[in-house]
Amino acid sequence: MNFAGSASGIAIPIITGLILQLTGAYLMVLYFFAGCAALYVIGSMLIDFSNAEPH
Amino acid sequence: MYRQPAGATFDAGCPSRTGVSHCSQIGSIKARGSKGNAMTGLDHVYARIGVQGLAAQKASTVRWRIFGIVFALVVINLIDRVTLSIAMPTISKEFSLEPAMQGVILSAFFWSYALLQIPGGWLIDRFGPRALITSATVGWGFFQAVAGVATGGISLLVSRVGLGAAEAPLFPAGAKLNSIWLSSKERARGAVLVDSGAPLGAAFGGVIIAWLILSLGSWRTAFVVAGLATMLLGALAWWYLRDEPAAHPGVNPGELSLIKAAASASQAAQGDNPRSIAPRSLAAILVGRMSWAMINFGLLTWGPSYLAQARGFDLKQMGGATFVIFLAGMFGSLTSGFLVDKLQERGMRRGTVYKAALGATGIGVMLSFLLLPQIANPVGAVALLSCTLFLLSAACTGASRRFSHRRRRSES
Numbered sequence: 004m005n006f007a008g009s010a011s012g013i014a015i016p017i018i019t020g021l022i023l024q025l026t027g028a029y030l031m032v033l034y035f036f037a038g039c040a041a042l043y044v045i046g047s048m049l050i051d052f053s054n055a056e057p058h
Numbered sequence: 002m003y004r005q006p007a008g009a010t011f012d013a014g015c016p017s018r019t020g021v022s023h024c025s026q027i028g029s030i031k032a033r034g035s036k037g038n039a040m041t042g043l044d045h046v047y048a049r050i051g052v053q054g055l056a057a058q059k060a061s062t063v064r065w066r067i068f069g070i071v072f073a074l075v076v077i078n079l080i081d082r083v084t085l086s087i088a089m090p091t092i093s094k095e096f097s098l099e100p101a102m103q104g105v106i107l108s109a110f111f112w113s114y115a116l117l118q119i120p121g122g123w124l125i126d127r128f129g130p131r132a133l134i135t136s137a138t139v140g141w142g143f144f145q146a147v148a149g150v151a152t153g154g155i156s157l158l159v160s161r162v163g164l165g166a167a168e169a170p171l172f173p174a175g176a177k178l179n180s181i182w183l184s185s186k187e188r189a190r191g192a193v194l195v196d197s198g199a200p201l202g203a204a205f206g207g208v209i210i211a212w213l214i215l216s217l218g219s220w221r222t223a224f225v226v227a228g229l230a231t232m233l234l235g236a237l238a239w240w241y242l243r244d245e246p247a248a249h250p251g252v253n254p255g256e257l258s259l260i261k262a263a264a265s266a267s268q269a270a271q272g273d274n275p276r277s278i279a280p281r282s283l284a285a286i287l288v289g290r291m292s293w294a295m296i297n298f299g300l301l302t303w304g305p306s307y308l309a310q311a312r313g314f315d316l317k318q319m320g321g322a323t324f325v326i327f328l329a330g331m332f333g334s335l336t337s338g339f340l341v342d343k344l345q346e347r348g349m350r351r352g353t354v355y356k357a358a359l360g361a362t363g364i365g366v367m368l369s370f371l372l373l374p375q376i377a378n379p380v381g382a383v384a385l386l387s388c389t390l391f392l393l394s395a396a397c398t399g400a401s402r403r404f405s406h407r408r409r410r411s412e413s
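See below:
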């Protein structure tokens, strides 16, 4: 779990730098972050919270 | 009139085993009081000290002072981590670094940070939290200062690899101190204290580092000053932290028995197996965690540069804005922790409630990033980013608190 977070920590500064280098502006960076948020929503929806319910 | 009840209370309340020295002190207070036939103002001060002394004899609070120091270390850990993010707009001009190279340098911290997570537990068992925290703090202070004398992109990158390696042991070692020093009832409070230090450090880091750069007139001196201050805090950690409560000179028998009782209780509970998580859920959690961390670390590393370059903020405005934004993150984290606890108390265990909450915060974060380019007003942009971080931190704390509740239930 911690490693997943650190992997993102490794990736995102480089990705952001590359997007800035290629496009020269922050607009696509913000859209990339919005895409990450969308992925976050999908991930949360697929977690099976009921699994550990005691009934 | 004053003397009699006060004296009686002290004598009766004096613990027979540990309160010998305080009893004699109280004796002298009484004698002084009877000499003048009534207690003077000063006597009341003495009397109050006596009462506090007695309360401390019941159980000293060294463990909370230890957690005060761990909290301070977490705050400075994050301050030193975000220093480069704040200084990057200035440094990149001086070293003429391209955005791609800036990204690699900002990433370098996490290379060693991630790698050092692996032997973290072994390091704690081998050296103990006190030695590990002290050497880690002095070490990251050193690399922070080294960044101040960097001559270009590569040496800056090397200093960041060192910083990441040295900063990595603090959180696992802090968790170890939590299990050594706190009772099972107190552990959640200790964990919240440590957790809230991180966003607080990110918030204050912006202000402090921007102020240091401006007042010292150089980003290099700011790094060196921050590094030296960190090393001093490392010395404080060595002076006050202990791996064994019994080895701490400030711990009295009362506190020791409280901690020992907690340790034996937690040992008894260790036999339970944690519930397994379905593979689909595990994959979903990993995706959620990774995409969450992308945004979180994206804002932490590049956020200040965005404010400087896309919004035209100067150093002072940037420091103020990062303070507001990351403080909002801390409030988001505290709010959702509080809400989840309240829901659990009411017996609200339905996964759908948490799913809806996580989904809603995620959609909120997504919309705010889509909306941000449309907002020209700088104050509006900072307000929107503050809302974003509030939601982002709320989602993380809410989810992890939810899981820890589940684990606690399956343990009991």
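Keeping their order, the protein sequence lines are chains G and C. The opening position of the first sequence corresponds to residue 4 in the working numbering, with each subsequent residue numbered one higher. The opening position of the second sequence corresponds to residue 2 in the working numbering, with each subsequent residue numbered one higher. Don't be surprised by glycine CBs; every beta carbon is placed ideally from N, CA and C. On a predicted model such as this, the values are computed, not experimentally measured, just so you know.
Query, Result
"Proximity test, Cβ basis, 8 Å: C:Gly399 and chain G", "no"
"Nearest-angstrom Cα separation, counted from C:Ala132 out to C:Trp240", "11 Å"
"Proximal residues of chain G, C-beta to C-beta of C:Met331 below 9 Å", "Per Cβ cutoff of 9 Å: no residues; C:Met331 is ~18 Å from chain G at best."
"Chain B contacts made by the segment 22-33 of chain G, where a contact means CB separation under 9 Å", "Of the chains in the structure shown, none is chain B; the protein chains are G and C."
"Short Cβ contact (8 Å threshold) for C:Gly142 with C:Thr62", "no"
"Option in C:Leu385, C:Met331 and C:Leu201 with minimal Cα separation from C:Ala395", "C:Met331"
"Residue environment, C:Pro280, which counts as buried when at least 16 other CB atoms sit within 10 Å", "exposed"
"Cβ contact check for the segment 186-201 of chain C and the segment 149-168 of chain C: 3 or more pairs under 8 Å", "no"
"Contact residues within the segment 211-231 of chain C, judged by C-beta distance below 7 Å to chain G", "none"
"Those runs of the alpha helix (DSSP H) which lie wholly inside the segment 303-385 of chain C and span at least 4 residues", "316-346 and 352-372"
"Given G:Leu8 as reference, the closest of C:Met367, C:Leu287 and C:Leu344 once Cα atoms are compared", "Reading off the sequence shown, one finds Gly at residue 8 of chain G, where the question assumed Leu. That would be C:Leu287, whose Cα lies nearest to the Cα of G:Gly8."
"Nearest residue (CA-CA) to C:Ser135, options C:Ser108, C:Leu171, C:Met102 and C:Gly121", "Before going further, note that residue 135 of chain C is Thr rather than Ser in the sequence given. Out of C:Ser108, C:Leu171, C:Met102 and C:Gly121, C:Leu171 has the C-alpha closest to the C-alpha of C:Thr135."
"Contacting residues, own chain, Cβ-Cβ under 8 Å from C:Thr84 (five flanking each side not counted)", "Gln145, Ala148, Gly206, Ile210, Ala223, Phe224 and Ala227"
"Rounded C-alpha distance that separates C:Thr389 from C:Ala377", "17 Å"
"C:Asn274 at chain G interface by Cβ criterion, 8 Å", "For C:Asn274, the predicted model reports a pLDDT of 47, less than 50, meaning its position is unreliable; a value from the coordinates is still stated below. With 8 Å as the cut-off, C:Asn274 does not count as an interface residue toward chain G."
"Three-state class that DSSP yields for C:Asn38 in the structure shown", "Only weak support exists for where C:Asn38 lies, its pLDDT of 44 falling under 50; the coordinates are left without a value."
"Range covered by the alpha helix (DSSP H) that runs through C:Val150", "C:Val150 -> no alpha helix (DSSP H), and no H or E assigned at all."
"Cutoff 8 Å: C:Met319 Cβ touching any chain G Cβ", "no"
"Counted within 10 angstroms of its Cβ, other Cβ atoms place C:Ser216 as buried (16 or more) or exposed", "exposed"
"Extent of the continuous alpha helix (DSSP H) run through C:Thr91", "Val63 to Glu95"
"Beta-carbon proximity check, C:Ile70 vs C:Leu242, cutoff 8 Å", "yes"
"Meets three-Cβ-pair contact criterion under 8 Å: the segment 318-326 of chain C and the segment 34-52 of chain G", "no"
"Amino acids of chain G, ordered along the chain, whose beta-carbon sits closer than 7 Å to that of C:Gln103", "Gly20"
"Neighbour-count burial assignment, G:Ile17, 16 or more Cβ in a 10 Å radius", "buried"
"Cross-chain neighbours of C:Ser197 in chain G, by beta carbon under 7 Å", "Within 7 Å Cβ-Cβ: nothing; C:Ser197 doesn't reach chain G, min ~18 Å."
"Proximal residues, the segment 339-362 of chain C versus chain G, C-beta separation under 7 Å", "Arg350, Gly352, Tyr355, Lys356, Leu359 and Gly360"
"C:Leu294 in three-state terms, based on DSSP", "For clarity, residue 294 of chain C is Ala in the given sequence; the question names Leu instead. If DSSP states are grouped into helix, strand and coil, C:Ala294 belongs with the helices."
"C:Lys31 - DSSP class collapsed to helix/strand/coil", "Caution applies to C:Lys31, whose pLDDT of 37 falls short of 50 and renders its modelled position unreliable; the model cannot decide the point."
"Through-space distance from C:Gly289 to C:Leu316, alpha-carbon basis", "34 Å"
"Backbone secondary structure at C:Ala230 - three-state DSSP", "helix"
"Exposure of C:Asp81, with buried meaning 16 or more beta-carbon neighbours within 10 Å", "buried"
"Option nearest C:Val366 by Cα separation, candidates C:Cys397, C:Thr336 and C:Leu107", "C:Cys397"
"Simplified DSSP state of C:Pro1, which is helix, strand or coil", "Residue 1 of chain C lies beyond the range of chain C shown here (2 to 413); nothing can be said about it."
"Beta-carbon proximity check, C:Pro250 vs C:Ile87, cutoff 8 Å", "no"
"Inter-residue CB distance, C:Gly165 and C:Phe110 (contact presumed, cutoff 8 Å)", "4 Å"
"Assigned secondary structure, C:Arg243 (DSSP; H/G/I helix, E/B strand, else coil)", "coil"
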